[in-house]
Every structure is written in structure tokens, then in C-alpha cells.
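Asks:
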Amino acid sequence: MPRWCSRRPDPDRRPTTSWPGFGRQSRAPSWPASASPRREPPSGAVSPTGRATFGLLAAVGALLFGIPVLVLLARAILGGALGASLMSRVVLDALALSVLTSAAALLATVVLGTPLAYLLARRRFRGSWLVDTLVDLPIVLPPSVAGLALLLTFGSRGAFGPGLAVLGVQVPFTVWAVVIAQTFVSAPLFIRSARAGFQQVDRDLEDAARVDGAHEAAVFRSVTVPLAGGALAAGLVLAWARALGEFGATIMFAGNIPGRTQTLPVAVYSEFQAIDGLDRSIAAAAVLVLAAFGVLVVVRWLHWRALLALPMARG
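Okay, so the sequence shown: first residue is 0 according to numbering that gives the first Met the number 0, each after it adds one.
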């Protein structure tokens, strides 16, 4: 028998293992019986102190946004200002004018904004980036700057003012100025939302409708608009809320004429400056806050419905 077959195993000899990528064998790692390998925490782990700091900052931010609104509503409701001042002629006239002009601005937004949003979503042409930028510009412009730009455009000494005067048309400091100002600052919100909705529509469904013999208008009305309906509705609600709360461009371009151009936001400012108008100012502001809260609830509901309808449309 060969000598290596009769060799007894050494009890003190450690087992060896072969590691990938190496030709020779090396000893397997070993640890003391009473110790275990140390595990390092993941590199992305957050310490308890970091989590506490993050949560504290989030709570402070939530309180910063919520407390002033709650204080305003509490003062208006519990203090009796809302119930008493809603009977004020000034507040009621301003509310009626705001609803009327914001509805007209919404109609103009749909008529002018829908084709523009569809064009930006489906067509690429020379200078499209410039048009896209100009559409978004009113969102970031200070409202007072927007009002001054409109006044320089449609005023008596503006770019189009003399031509409008020949036709006997005066725009500044009229109800039409209110509608134009509200449309100017609110339409970009609808256009952005509608553009995103049109971009998400499955074009295969539109092509299938064309194969079935539908013309372009029927495809747009029966396929494109229903599939983008959630985004369109959300954009409309946001645009209406922005028009209802418009202040800076309105007071610069339309002025502050009670019963004629004094919208609800302008009435808040005007009544706040009056000696005995604080309660009416608080009441008007509370109405705007409640309207804005309702708008956000509707927008979130429409977004939720759109998310639920998306898998069904794809299926």
C-alpha cells in the first residue's frame, strides 16, 4: 500500500478551501468560538438622530403651512366675522364678480389653451422651445409685472391701445381687463396639465380609430380627449382656482372699482385698508381659502381617478 494511503489525519490541521480565481489552496477563515463576524451597517442607513431631525423639520414645515390658514379660518368662523360679513354688499358683489370673470377666463382658457397644448404635445417645429417657454413665463412672473405688461399692451398709450380706441374699445379698468388678467396668469396651468395628458395618450388607440374610418375631429373628440380627461379636468380646476385668486395683475390692469373691477382678492386688500373693514377682509379671505381647499380636494380626486383608469385604458 502506498505510504500516503496509510497516513493518519492530523487533528490540529485546519481545512483548506479553494477560492475562485486562484490556483492554489488557502486556509478557510475561522473565528473564535465565542465571537461572530462583525456586520457593518448599510452605507445608506440613517441614524436615529438623523431620523428624528428629519421628522422634526417635516413637522415644523407642516405647521408653518397649516397654522396661519387654521388661524384665519378660526378667526372667521369662531369670531363670527364670516357669518356677519357675508351679508355685506361689498363682499357679495366682489364674490359674484369673481365667479363671473373666472368662469369667462376659464372658457377663454379652454378655447385658446387646448389647441396650443395639443400642438406642443404632438408637434416639434422650429421655435417650439420658445413657444413652450413663453407659455410657462406667466407662471414665474410676479403678478404686478404681468399687470404692467398687459397695461402697456392694451392701454390707451400701449401697443394696441390707439387701434382699439379707433374702434371705440377700451380695455383697461373694465371687466374685460379682469378677464384678460385672469386668463393671462391662469391659462399656463391648464396648458401644462393638458400637454402632459395629451403626451400620455396611447397613439395606437388613435390609429385604430382612424383605421375604422374616424376622421381627425372624431378621433380627437372620442379618443384623445376622454383618455386625457383626467389631466384636462385637473388643469381646468387649477386654472379656475388661480383665476379666482388673482390679485396683482388685476389691480394693475383693471384697478379697484367696487361693483365693476373689484374682485374678491382685491376686496380683501381694500377692506383691510379700511378703518372698520377688518372683519369683511377676514370673511373674504376665508371664502378664498375654502375655495382653494375645495379645488385641491377635487384635483386630488381627479388624479386618483386618472390613475385608476390608466391600467384599464392600457388593457
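Glycine is no exception: its CB is placed at the ideal position from the N, C-alpha and C atoms.
Considering only the alpha carbon of each residue, which of G247, T52, T182, L166 lies closest to T108?
Replies: For the purposes of this step, residue 108 is taken as the residue at position 109 of the sequence shown. Checking every option, the nearest Cα to that of T108 belongs to T182.
Asks: Which term fits T48, buried or exposed, when burial requires 16 or more other beta carbons within 10 angstroms of its beta carbon?
Replies: The residue you call residue 48 lines up with position 49 of the sequence shown. It is exposed - the Cβ of T48 has fewer than 16 other Cβ atoms within 10 Å.
Asks: Going by Cα to Cα distance, which pick from R74, L235, A75, E215 is closest to A186?
Replies: Counted from its first residue, the sequence shown places residue 186 at position 187. Among R74, L235, A75, E215, the Cα nearest to that of A186 belongs to L235.
Asks: Take the Cβ of P114 as the centre, count every other Cβ of all protein chains shown within 10 Å, and call the residue buried at 16 or more, exposed below.
Replies: The count along the sequence shown starts at 1 and reaches residue 114 at position 115. Exposed is the call here.
Asks: Distance check for S269 and G78, CA to CA, integer angstroms please.
Replies: Within the sequence shown, numbered from 1, the residue matching residue 78 stands at position 79. Within the sequence shown, numbered from 1, the residue matching residue 269 stands at position 270. So the two alpha carbons sit approximately 21 angstroms from each other.
Asks: Applying the criterion that 16 or more other CB atoms from any shown protein chain within 10 Å of the CB defines a buried residue, is A61 buried or exposed?
Replies: Counted from its first residue, the sequence shown places residue 61 at position 62. With a 10 Å radius around the Cβ and a threshold of 16 neighbouring Cβ atoms, A61 comes out exposed.
Asks: List, from N- to C-terminal side, the alpha helix (DSSP H) runs of 4 residues or more that fit wholly inside the stretch 134 to 197.
Replies: 142 to 153, 160 to 165
Asks: Do Q199 and A227 have their CB atoms nearer than 8 angstroms?
Replies: By 1-based counting over the sequence shown, the position of residue 199 is 200. By 1-based counting over the sequence shown, the position of residue 227 is 228. Cβ distance < 8 angstroms, so Q199 and A227 count as in contact.
Asks: For S25, count neighbouring Cβ atoms within 10 angstroms of its own Cβ and tell me buried if that reaches 16, exposed if not.
Replies: Translated into the one-based positions of the sequence shown, residue 25 becomes position 26. Note that S25 has pLDDT 48, beneath the 50 cutoff, so the model's placement of it is unreliable and no number is given.
Asks: For V267, report the span of its alpha helix (DSSP H) as first-last.
Replies: For the purposes of this step, residue 267 is taken as residue 268 along the sequence shown, with counting starting at 1. That run of the alpha helix (DSSP H) goes 263 to 272.
Asks: Quick check: the Cα distance between F197 and D131, rounded to an integer number of angstroms?
Replies: Residue 197 sits at position 198 when you count from the first residue of the sequence shown. Residue 131 sits at position 132 when you count from the first residue of the sequence shown. Taking the straight line from one Cα to the other gives about 15 angstroms.
Asks: May I have a chain-ordered list of the alpha helix (DSSP H) segments no shorter than 4 residues that lie completely inside the stretch 193 to 255?
Replies: 202 to 210, 215 to 218, 228 to 243, 247 to 252
Asks: Quick check: V90 and A266, are their CB atoms within less than 8 angstroms of each other?
Replies: Position 91 of the sequence shown holds residue 90. Position 267 of the sequence shown holds residue 266. Yes; because the gap between Cβ atoms is below 8 angstroms, this pair is in contact.
Asks: Along the chain, where does the alpha helix (DSSP H) containing T113 start, and where does it finish?
Replies: Position 114 of the sequence shown, counted from the start, is the residue given in the question as residue 113. Residues 88 to 121.
Asks: Less than 8 angstroms between the CB atoms is what I'm expecting for A176 and F271, so what's the real figure, rounded?
Replies: Numbered from its first residue, the sequence shown carries residue 176 at position 177. Numbered from its first residue, the sequence shown carries residue 271 at position 272. Contact flag wrong, Cβ pair sits at about 22 angstroms.
Asks: Closest by CA to S87, which one among R220, I281, A290?
Replies: For this step, residue 87 is matched to residue 88 along the sequence shown. The option with the nearest alpha carbon to S87 is I281.
Asks: Thinking C-alpha only, which one of L263, L277, G247, L243 is nearest G363?
Replies: This structure cannot speak to residue 363, because the chain is shown only from 0 to 314.
Asks: What does the Cβ neighbour count give for R23, buried or exposed, with the cut at 16 atoms within 10 Å?
Replies: As a working mapping, residue 23 is identified with position 24 in the sequence shown. No answer about R23 holds up, because its pLDDT of 48 lies below 50 and its placement is not dependable.
Asks: According to DSSP, is W300 helix, strand or coil?
Replies: By one-based count along the sequence shown, residue 300 stands at place 301. In this structure, W300 counts as helix in the three-state DSSP scheme.
Asks: State the DSSP-derived secondary structure class of D275, mapped to helix, strand or coil.
Replies: Your numbering for residue 275 matches position 276 in the sequence shown. D275: coil per DSSP, three-state reduction.
Asks: Which residues in the same chain have their Cβ closer than 7 angstroms to the Cβ of A238, if we skip the five residues on either side of it in sequence?
Replies: Residue mapping note: residue 238 aligns to position 239 of the sequence shown, counting from 1. L105, T108, S185, A186, L188, F189.
Asks: Check for me: the alpha helix (DSSP H) holding P67 runs from which residue to which?
Replies: What you label residue 67 is simply residue 68 of the sequence shown in a count that begins at 1. From DSSP, the alpha helix (DSSP H) with P67 extends over 47 to 77.
Asks: Would you grab the beta carbon distance between P225 and F246 for me? Rounded to a whole angstrom, and I think it's under 8 angstroms.
Replies: Sequence index remark: in the sequence shown, residue 225 carries index 226 (1-based). Sequence index remark: in the sequence shown, residue 246 carries index 247 (1-based). P225 to F246, Cβ: 36 angstroms. No contact.
Asks: Alpha carbon to alpha carbon, how far is R125 from T316? Give it in angstroms, no decimals.
Replies: What is shown of the chain runs 0 to 314, which leaves residue 316 out entirely.
Asks: Consider the C-beta atom of G160 and the heavy atoms of the ligand HEM; say whether any pair is separated by less than 7 angstroms.
Replies: Although the ligand HEM was asked about, the structure shown includes no ligands whatsoever.
Asks: Quick one: is F159 buried, meaning 16 or more other Cβ sit within 10 Å of its Cβ, or exposed?
Replies: Numbered from its first residue, the sequence shown carries residue 159 at position 160. Exposed, since its Cβ has fewer than 16 Cβ neighbours within 10 Å.
Asks: Quick one: Cα of G82 to Cα of A284, how far?
Replies: Stepping through the sequence shown from its first residue, residue 82 is reached at position 83. Stepping through the sequence shown from its first residue, residue 284 is reached at position 285. The alpha-carbon atoms of G82 and A284 are separated by roughly 13 angstroms.
Asks: Taking 7 angstroms as the limit between beta carbons, can you name the residues of its chain near R209, skipping five residues before and five after?
Replies: Walking along the sequence shown from the start, residue 209 turns up at place 210. Taken in chain order, the residues that qualify are V218.
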